[in-house]
Amino acid sequence: MKTVRIRLLIFAFISFALVLPLLAQVDAPQPQTGSIIGTVTDANDAVVPGAAVVLEGPGPGDRRTIVTNDMGFYNFGDLKPSVPYHITVSAKGFADWTSPEIVLRPSQVQIITGSKLRVAETKTAIDVTYSAEEIATQQVKVAETQRILGFFPNFYAVYEPNAAPLTPKLKFRLAMKVAMDPVTLAATTVMAGLNQASDRPNYVQGAKGFGQRWGAIEADSVSQILIAGAVLPTILHQDPRYFYKGTGTTKSRFWYAVGHPFFCKGDNGRWQPNYSSLGGDLASASLSNLYYPDSNRGAGLVFSSFAVNTAVRAVSSLAQEFIFRRISSSSKKPK
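What follows is the structure, encoded as structure tokens:
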């Protein structure tokens with residue numbers, strides 16, 4: 121348990137040191153955002169409901185995906201002015217349509233005309249639309265390419281305001297992706313080496329002790345990720361991801377991020393108490409009593425670790441809200 125606390129405290133100190141300068145800044149006026157709206161039709165001017173409309177902006181975090189309603193209508197709001205956007209429309213049975221470059225003025229509402237889909241070769245009709253699960257799968261594929269500074273995994277951050285809810289399969293997929301990422305495993309190895317040098321926890325020295333320390337750290341990490349990120353979110357129908365706010369005053373965004381360990385979105389899109397995160401951290405801390413040395417066990421360590429984990433989640437959320445989007449990149453797009 122001491123290993124987990126040390127690693128979490130190091131991360132909390134670094135993250136909070138990065139966030140503090142931003143919080144000290146005086147709120148600056150936010151640029152007035154614009155909107156892009158349009159209606160998707162076919163070559164005969166019949167509306168096309170259920171078409172996937174993808175907005176691409178200057179950065180990977182600006183990518184959004186929505187589905188046209190029964191009238192073929194779509195609406196992208198809260199868009200930054202003076203930056204280039206492109207829209208791609210696709211629907212089964214039709215060839216894709218891509219808009220020219222769109223640059224908005226402050227408060228401008230840009231109406232897209234001419235987004236007419238042509239029937240693809242060998243296709244004569246369209247009768248299938250993209251399901252919420254298909255959209256969520258594509259969004260997860262994009263999230264799995266998000267890395268801070270191109271290196272550290274940032275798979276649980278959501279920058280799309282209209283993200284589809286995760287299925288149980290996708291929740292476990294994301295959790296395993298993080299747990300088995302080479303960077304995660306490398307961090308476990310480094311921490312095991314540091315604990316070996318400081319003789320903590322109270323295992324033996326030598327190769328056997330290193331293996332025990334590596335296994336304990338890995339068990340802590342995997343149990344926390346799986347329980348808080350997949351098992352409880354599936355049972356309780358909650359979304360384990362962090363939904364980037366990005367708008368409003370610094371104060372409102374600060375409290376939004378700090379509250380993330382305690383509140384989350386449900387699969388129904390409504391905010392609710394974050395039982396998955398709190399319960400997952402407590403369960404993971406309790407499980408460590410099964411494999412840590414007797415001298416490192418106890419209720420005191422369990423609850424202190426739980427408190428540290430909750431604090432680290434709050435600091436990590438602050439970093440997500442104010443820092444990580446700026447330095448998070450997408451190395452590839454989903455196929």
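Residue 280 in our numbering sits at position 160 of the sequence shown; the count goes up by one each step and never skips.
Idealized CB from N, CA, C, for every residue including glycine.
Small disclaimer: the values here were computed from a predicted structure and weren't measured.
Counting other Cβ atoms within 10 Å of its Cβ, Val-278 reaches 16 or more and is therefore classed as buried.
Going by DSSP, Ile-345 is part of the alpha helix (DSSP H) stretching over 326 to 346.
At the C-beta level, Leu-438 and Ala-377 come within 7 Å of one another.
Less than 7 Å divides the Cβ of Val-168 from the Cβ of Leu-237. By a beta-carbon distance limit of 8 Å, Ala-256 contacts Thr-287. Their separation comes to about 7 Å.
Note that the C-beta distance between Val-209 and Ala-252 is not below 7 Å. Burial check for Trp-375: the Cβ neighbour count within 10 Å stays below 16, so the residue is exposed.
Bounds of the alpha helix (DSSP H) holding Gly-313 are 302 to 318. Between Leu-356 and Ser-396, the beta carbon gap of about 6 Å places them in contact (Cβ cut-off 8 Å). Distances from the alpha-carbon of Pro-201 to those of Val-435, Pro-220 and Ser-227 put Ser-227 closest. Comparing alpha carbon positions, the residue from Tyr-411, Pro-413, Ser-341 and Ser-406 closest to Ala-419 is Ser-406. Two segments are said to touch when three or more pairs of C-beta atoms, one from each, lie closer than 8 Å; by this definition the region 441 to 448 touches the region 361 to 375.
Each of Arg-267, Met-311 and Ile-232 was checked against the Cα of Gly-179, and the nearest Cα belongs to Arg-267.
Per DSSP, reduced to three states, the secondary structure at Leu-199 is strand.
By the neighbour-count criterion, in which a residue is buried when 16 or more other Cβ atoms sit within 10 angstroms of its Cβ, Thr-354 is buried. Per DSSP, Lys-365 lies in no beta strand (DSSP E) and is assigned neither H nor E.
In the three-state reduction of the DSSP assignment, Lys-385 falls in the strand class. When the five nearest sequence neighbours on each side are left out, the beta carbons in the same chain lying within less than 7 Å of the beta carbon of Ala-336 are those of Thr-123, Pro-321, Tyr-411 and Tyr-412, in order along the chain. Sixteen is the threshold: when 16 or more other Cβ atoms of the shown chains lie within 10 Å of the Cβ of Gln-358, as they do, the residue is buried. Scanning its chain for C-beta atoms nearer than 8 Å, with the 5 sequence neighbours on each side dropped, one finds around Tyr-276 the residues Ala-263, Leu-294, Val-298, Gly-349, Pro-360, Arg-361 and Tyr-362, in chain order.
For Leu-175, the enclosing beta strand (DSSP E) starts and ends at 172 to 176. If you look at Ser-436, you'll find it in the alpha helix (DSSP H) that goes 419 to 439. Check the Cα spacing between Cys-384 and each of Gly-313, Tyr-364 and Ser-318: the tightest is with Tyr-364. For Asp-162, the beta-bridge partners assigned by DSSP are Leu-237. Here Pro-288 carries a helix assignment [DSSP, helix/strand/coil].
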